[in-house]
Amino acid sequence: MKKLLFIILLLNISILSYSLNFSVAPVGFAVELDKPSTHEVTILNNTTEPLRLNAVFQSDSEFGEKYNLDSNLTIFPKTISLKPAGKQTVRFRVKPNSSMKDGEYTSLLTFTEIPGEIKTVSSNNKNNVSSNLNFITKISISVYGYKGNLIHKGTFSDIKLNYNGNSVIISASSFSEGNTSLKFSYSLKVQGSNAETSGLFGISAREGKKDLSLSAQLGPNLKGKKAKLVITDQNGKVYYDKVHTL
Numbered sequence: 001m002k003k004l005l006f007i008i009l010l011l012n013i014s015i016l017s018y019s020l021n022f023s024v025a026p027v028g029f030a031v032e033l034d035k036p037s038t039h040e041v042t043i044l045n046n047t048t049e050p051l052r053l054n055a056v057f058q059s060d061s062e063f064g065e066k067y068n069l070d071s072n073l074t075i076f077p078k079t080i081s082l083k084p085a086g087k088q089t090v091r092f093r094v095k096p097n098s099s100m101k102d103g104e105y106t107s108l109l110t111f112t113e114i115p116g117e118i119k120t121v122s123s124n125n126k127n128n129v130s131s132n133l134n135f136i137t138k139i140s141i142s143v144y145g146y147k148g149n150l151i152h153k154g155t156f157s158d159i160k161l162n163y164n165g166n167s168v169i170i171s172a173s174s175f176s177e178g179n180t181s182l183k184f185s186y187s188l189k190v191q192g193s194n195a196e197t198s199g200l201f202g203i204s205a206r207e208g209k210k211d212l213s214l215s216a217q218l219g220p221n222l223k224g225k226k227a228k229l230v231i232t233d234q235n236g237k238v239y240y241d242k243v244h245t246l
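Structure follows, in structure tokens:
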């Protein structure tokens, strides 16, 4: 179920655009914390110039910093050199700590482009100064770890839905009481119409409160119509099922 859920989450993540200087695959991991394991990430240089990157693990403040895997993860190499239009595979190792309590943990694997020299060209006219700026690409992917008995428990409240003539903005407050985050999915269907939207609504914190919001395209000319909003978690439990007037 955990692996199936993670696949669903990845399907809801936008594919990294080739307009970025580099891209990575896959865009996230779900690992078991019952034994050591090794995983691979492929990095592609989307430019015609050589690139150098740094790779580092860091805690996710939105998830809960004390539930990170930073000390249990090692990546090699930490500095990556990519030829123009080239690709390279890097590996990271997960070494669980036997003292870890049951539950969900996560860290962000962040790849940051090492900047090249930023050139400034000036002319005799002191008011005519031009600069060539290099945009730096930084990509973070989540590494989720799961150990033992997982408890999915929490609340979903203060739901608000606003329609602005073409899209909807949905906001709510989540509160996790178990030992995992809650992954909320949504479905919004307009009655008497083909208009509908669905997908990942948001992910709660590992524990405690976290506000969530989402903006989604729904279509024009729906003002005043009725729409049914359903919110479920990763286990299919229904947290919200009501009809709103757009």
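The sequence shown stops at residue 246 when you use the UniProt record's numbering, and every number in between is there. Built from N, CA and C at the ideal position, the CB exists for glycine as well.
With DSSP as the reference, label residue i as helix, strand or coil.
i, result
"D34", "coil"
"S71", "helix"
"K95", "coil"
"L20", "coil"
"S123", "Model confidence at S123 stands at a pLDDT of 46, short of 50, so the residue's coordinates are unreliable and nothing is read from them."
"V238", "strand"
"K225", "coil"
"K66", "helix"
"V243", "strand"
"I136", "coil"
"G28", "strand"
"E177", "coil"
"D158", "strand"
Would you mind reading off the limits of the beta strand (DSSP E) that contains residue i?
i, result
"N149", "Element bounds for N149: n/a, residue is neither H nor E."
"L182", "No beta strand (DSSP E) contains L182, which DSSP labels as neither H nor E."
"L109", "G103 to E113"
"T197", "E196 to I203"
"D211", "G208 to Q217"
"N54", "L51 to Q58"
"S193", "It is not in any beta strand (DSSP E) - S193 carries neither H nor E in the DSSP assignment."
"S81", "T79 to L82"
From residue i to residue j, what distance separates their C-alpha atoms?
i, j, result
"R93", "V143", "11 angstroms"
"L33", "A85", "35 angstroms"
"S171", "K210", "11 angstroms"
"L69", "S107", "5 angstroms"
"E62", "I203", "9 angstroms"
"V166", "I139", "The question names Val, but residue 166 is Asn in the sequence shown. Approximately 31 angstroms between the Cα atoms of the pair."
"V56", "N97", "19 angstroms"
"T110", "G28", "11 angstroms"
"residue 247", "A195", "Residue 247 lies beyond the range of the chain shown here (1 to 246); nothing can be said about it."
"R91", "N54", "13 angstroms"
"T232", "L161", "16 angstroms"
"P77", "K153", "39 angstroms"
"F184", "G192", "26 angstroms"
Among residues of its own chain, excluding the 5 on either side of residue i, which ones have a beta-carbon nearer than 6 angstroms to its beta-carbon?
i, result
"G145", "V31, L33, L69 and Y105"
If you check the beta carbons only, do residue i and residue j fall under 8 angstroms apart?
i, j, result
"G42", "T74", "A small correction: the amino acid at residue 42 is Thr; Gly does not occupy that position in the sequence shown. No, Cβ-Cβ distance for T42 and T74 is not below 8 angstroms."
"T245", "G219", "no"
"S188", "S198", "It should be pointed out that residue 188 corresponds to Leu in this sequence rather than to Ser. Yes, Cβ-Cβ distance for L188 and S198 is below 8 angstroms."
"S213", "I169", "yes"
Spell out whether any CB of chain C is found under 8 angstroms from the CB atom of residue i.
i, result
"D211", "Any reference to chain C falls outside this structure, which holds one protein chain only."
Who are the Cβ neighbours of residue i in its own chain at under 7 angstroms, not counting the five residues just before and after it?
i, result
"I114", "R52, L53 and N54"
Leaving out five residues before and five after residue i in sequence, what residues of the same chain have Cβ atoms less than 8 angstroms from its Cβ?
i, result
"E65", "S59"
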